[in-house]
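> Using the working numbering, the letters of the sequence shown map in sequence onto residues 442 to 625.
No residue lacks a Cβ here, since even glycine has one placed at the ideal position from N, Cα and C.
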Amino acid sequence: MKFFKQCAAMLLLFMLILPSCKNSGNGELIGVMDRQRVEAPTPFGTVFIPSGYYTRGAGGEDPAYSQTYSTKTISISSFFMDETEITNNKYRQFIQWVTDSIKRRLLGEVDPAFIIESEDENIPPAINWNTRIKNTPEYNEALEVLYTPVNERFLHKKEIDTRKLNYEFYWFDYQAAAAKSWED
Numbered sequence: 442m443k444f445f446k447q448c449a450a451m452l453l454l455f456m457l458i459l460p461s462c463k464n465s466g467n468g469e470l471i472g473v474m475d476r477q478r479v480e481a482p483t484p485f486g487t488v489f490i491p492s493g494y495y496t497r498g499a500g501g502e503d504p505a506y507s508q509t510y511s512t513k514t515i516s517i518s519s520f521f522m523d524e525t526e527i528t529n530n531k532y533r534q535f536i537q538w539v540t541d542s543i544k545r546r547l548l549g550e551v552d553p554a555f556i557i558e559s560e561d562e563n564i565p566p567a568i569n570w571n572t573r574i575k576n577t578p579e580y581n582e583a584l585e586v587l588y589t590p591v592n593e594r595f596l597h598k599k600e601i602d603t604r605k606l607n608y609e610f611y612w613f614d615y616q617a618a619a620a621k622s623w624e625d
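(1) In the stretch 495-554, which residue ranges form an unbroken beta strand (DSSP E) of at least 3 residues, counting only runs that do not cross its ends?
(2) Using beta-carbon positions only, say whether residue 484 and residue 521 come within less than 8 Å of one another.
(3) Going by Cα to Cα distance, which pick from 444, 488, 497 is closest to residue 526?
(4) Quick check: the Cα distance between residue 530 and residue 477, rounded to an integer number of angstroms?
(5) By a C-beta neighbour count over all protein chains shown, 10 Å radius and 16 as the cutoff for buried, is residue 457 buried or exposed?
(6) If the criterion is Cβ atoms closer than 8 Å, does the pair residue 548 and residue 580 meet it?
(7) Using a Cβ-Cβ distance under 8 Å, would residue 475 count as near chain B?
(8) Here's the rule I'm using: 16 or more other beta-carbon atoms within 10 Å means buried, otherwise exposed. How should residue 543 be labelled?
(9) So does the stretch 609-619 actually touch the stretch 578-598, counting three or more Cβ pairs closer than 8 Å?
(10) Around the Cβ of residue 555, are there at least 16 other Cβ atoms within 10 angstroms (buried) or fewer (exposed)?
(11) Which residue's Cα is closest to the Cα of residue 492: 586, 515, 604?
(12) On the DSSP bridge list, what partners appear for residue 487?
(13) Between residue 572 and residue 546, what straight-line distance do the alpha-carbon atoms span, to the nearest angstrom?
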């Protein structure tokens with residue numbers, strides 16, 4: 442009787458282990474639903490960098506034989522990168538330009554000298570870059586909405602709230618406009 446219990450237990454164990462020996466999914470989680478594969482479009486102005494790996498470390502150079510410089514293989518997932526190089530200084534200039542343009546647009550509500558209105562209603566108003574921003578109480582009050590609220594400031598520093606740097610731009614295709622026929 443004891444022999445039959447052991448055989449039954451072994452048979453049950455074998456039946457539980459057998460399904461795990463299938464070669465489906467190659468050890469990866471594949472989900473329980475049969476879904477279509479979604480291909481995300483390449484973001485504008487970026488290039489696809491495929492996944493890969495590199496070896497970090499000294500690579501066999503250990504002159505003192507201390508064995509403190511061990512190598513390690515690091516894998517990197519694929520990602521998208523901007524197709525044009527940019528330095529930190531150029532990015533800082535861009536942020537300064539965006540901040541200055543937003544300031545001038547806000548000051549245009551207080552002083553119309555900061556905005557150039559177009560005679561055509563289809564063309565949006567432009568920023569007047571020739572008007573100088575002065576340190577006056579009315580200008581400072583108009584620009585206060587651009588800064589971080591007092592209860593969110595770090596070490597009580599008055600800094601520009603990056604959540605409010607929403608840059609808008611307009612694209613004008615000069616070649617298409619030049620090729621347009623003006624005949625009725």
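In brief:
(1) Those beta strand (DSSP E) runs which fall completely within the stretch 495-554 and span 3+ residues are 513-517, 520-523.
(2) To locate residue 484, count along the sequence shown from 1; it is residue 43. To locate residue 521, count along the sequence shown from 1; it is residue 80. The answer is yes: Cβ separation under 8 Å.
(3) Taking the first residue of the sequence shown as position 1, residue 526 is located at position 85. Cα-wise, what sits closest to residue 526 is 488.
(4) Taking the sequence shown and counting its residues from 1, one reaches residue 530 at position 89. Taking the sequence shown and counting its residues from 1, one reaches residue 477 at position 36. Their backbone Cα atoms lie some 44 Å apart in a straight line.
(5) Position 16 of the sequence shown holds residue 457. Exposed, because fewer than 16 other Cβ atoms sit within 10 Å of the Cβ of residue 457.
(6) The sequence position of residue 548 within the sequence shown is 107, counting from 1. The sequence position of residue 580 within the sequence shown is 139, counting from 1. A contact, by the Cβ cut-off of 8 Å.
(7) Checking the listed chains, one finds no chain B in this structure; it contains a single protein chain.
(8) Mapped onto the sequence shown, residue 543 falls at position 102. Buried.
(9) no
(10) Taking the sequence shown and counting its residues from 1, one reaches residue 555 at position 114. Burial of residue 555 is indicated by the presence of at least 16 other C-beta atoms within 10 angstroms of its C-beta.
(11) Position 51 of the sequence shown holds residue 492. For residue 492, the closest of 586, 515, 604 by C-alpha to C-alpha distance is 515.
(12) Indexing the sequence shown from 1 puts residue 487 at position 46. Per DSSP, 523.
(13) If you number the sequence shown from 1, residue 572 lands on position 131. If you number the sequence shown from 1, residue 546 lands on position 105. Using only the alpha carbons, I get a separation of about 12 Å.
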